[in-house]
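Line by line, the protein sequences are chains U and R.
When we follow the numbering used here, the leftmost residue of the first sequence carries the number 3, and every step to the right adds one.
When we follow the numbering used here, the leftmost residue of the second sequence carries the number -5, and every step to the right adds one.
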Amino acid sequence: VHDVDAPPKIDEAEVGRIFREESGRSVAALIRIFGDIDVAEDAVQEAFAVALRKWPGVGLPPNPGGWITTTARNRAIDRLRRESRGRELLSEVAVLSPGNDDPGAPEKEGPVQDDRLRLIFTCCHPALSMEAQVALTLRLLGGLSTKEVARSFLVTEPAMAQRLARAKRKIKAARIPYRVPEEHGLPERLRPCWPSSTSSTMPGSPAQPTQISARRRSGSHGSSRRSCPTSQRWPACSPCCS
Amino acid sequence: MRRITMAQYLLSVHTVEGEAREPMTEEEMRQFMERVGVLEEEIKSAGAWVFSGRLHEADTATVVRVSNSEVLTTDGPFAESKEHLGGFYIIEAEDLDAALSWAAKTADCVKRPIEVRPFWQAPGA
């Protein structure tokens, strides 16, 4: 007989499922706070490592996604304080977002306020190659590992790691903005944005290699708009989500 | 908005060696210069202007190398490529989207593709 108040049993698979569902939101929130994709990714990974150790013993927190984001943010701050460049970044963050203590509260700007939507527009910026757009979206928003993304593209993991690193370097160096375009710019930006969903990817179900390679061969843009890369339905994205 | 500092971008126009292009008539040249003038005035009044330049043909270039403290001077451009830098603007912009919108105006003005490349910035600069 089980105690009704006992925490539900959490195993590695369950944490993995939560990771795929929640990591995109956490990564996006941390990119908004720190303005750095690598810092955000590393911190979220670290937070899930903590969750893996902690949750099986004490059970799930009431809001696992929020717990991950807060833990990741604190870990990132701890880590940045230890590095001199990190301390610069932190002072910049403190200056520019005073009193923004709630990592779950999105900045108020643009027609849609959602960190993940902003991140989609960064990942799917036309200045990045189609392939980089899809790979980054799967990695950052879909919660897929580099290995899983590599498998979807039929390339080796080191090759994919290199492509992802190059794309992230370009985002940083060229300052690809982290924001939803203004309404008048949306139609133009949705065209390059939504083909990245041709692979019908849902979190945790890597794209079928045949679908991506077919798209790469044909080089078609925007021919298929079936589903969102994050499986979310965005109000502003009727071309793909309606 | 996190970043308040501006970044600098190189907007470059490339010419293709040996590409047959009808030379401009005097009238076409006048119109071209007028369009460029209007564009440059717009860039300046937006506070995005840093510097610009138009180069002579690549075959006027000279390359200087130093090897074992010896200077070697050779005729011709450095790159083997068929495409050469023909002219450029250096602009300041908040982010890539702002730089791309200047690039679109420039491309429309000079009727040539424009390459947009960010300048390297020292960390913390």
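We treat Cβ as the ideally placed atom computed from N, Cα and C, and that holds for glycine.
| query | result |
| --- | --- |
| Best match in Phe72(R), Ala92(R), Thr100(R), Glu109(R) for proximity to Ile178(U) [C-alpha to C-alpha] | Ala92(R) |
| Near-chain U residues of the region 88 to 110 of chain R - C-beta to any C-beta below 9 angstroms | Glu88, Asp89, Leu90, Asp91, Ala92, Ala93, Leu94, Val110 |
| Chain-ordered neighbours of Ala40(R) on chain U, where CB pairs are closer than 7 angstroms | Residues of chain U passing the Cβ test: none, with the nearest at roughly 17 angstroms. |
| Neighbourhood of Gly81(R) by C-beta, 7 angstroms cutoff - its chain only, sequence neighbours within 5 removed | Val7, Gly47, Arg48, Leu49 |
| Alpha carbon of Ala31(U) to alpha carbon of Glu11(R), nearest angstrom | 49 angstroms |
| Simplified DSSP assignment, three categories, for Gln2(R) | strand |
| Residues near Met162(U) by beta carbon distance below 6 angstroms, same chain, minus five either side | Thr148, Val151, Ala152 |
| Residue-level contact to chain U via CB, Ala116(R), 8 angstroms cutoff | no |
| Met0(R) to Trp114(R) span [Cα, whole Å] | 12 angstroms |
| Pro179(U): contacting residues in chain R (beta-carbon distance under 7 angstroms) | Asp89, Leu90, Asp91 |
| Nearest-angstrom Cα separation, counted from Glu85(U) out to Pro211(U) | Note that Pro211(U) scores 40 on pLDDT, short of 50, meaning its location in the model is unreliable; the coordinates nonetheless yield the value given after this. Those two C-alpha atoms are separated by around 40 angstroms. |
| Coil, strand or helix - Ile178(U) by DSSP | coil |
| Arg191(U) and Asp117(U) closer than 8 angstroms at C-beta | no |
| Neighbour flag for Pro17(R) against chain U, beta carbons, 8 angstroms | no |
| Straight-line gap, Pro58(U) to Arg19(U) (C-alpha atoms, nearest Å) | 14 angstroms |
| Any non-hydrogen atom of the ligand ATP closer than 7 angstroms to His127(U) Cβ | Within the structure as shown, the ligand ATP is missing, as the structure has no ligands at all. |
| Phe21(U), buried or exposed, once every other Cβ within 10 Å from all chains shown has been counted against 16 | buried |
| Through-space distance from Ala51(U) to Glu14(U), alpha-carbon basis | 10 angstroms |
| Glu43(U) classed as buried or exposed, judged by whether at least 16 other C-beta atoms fall within 10 angstroms | buried |
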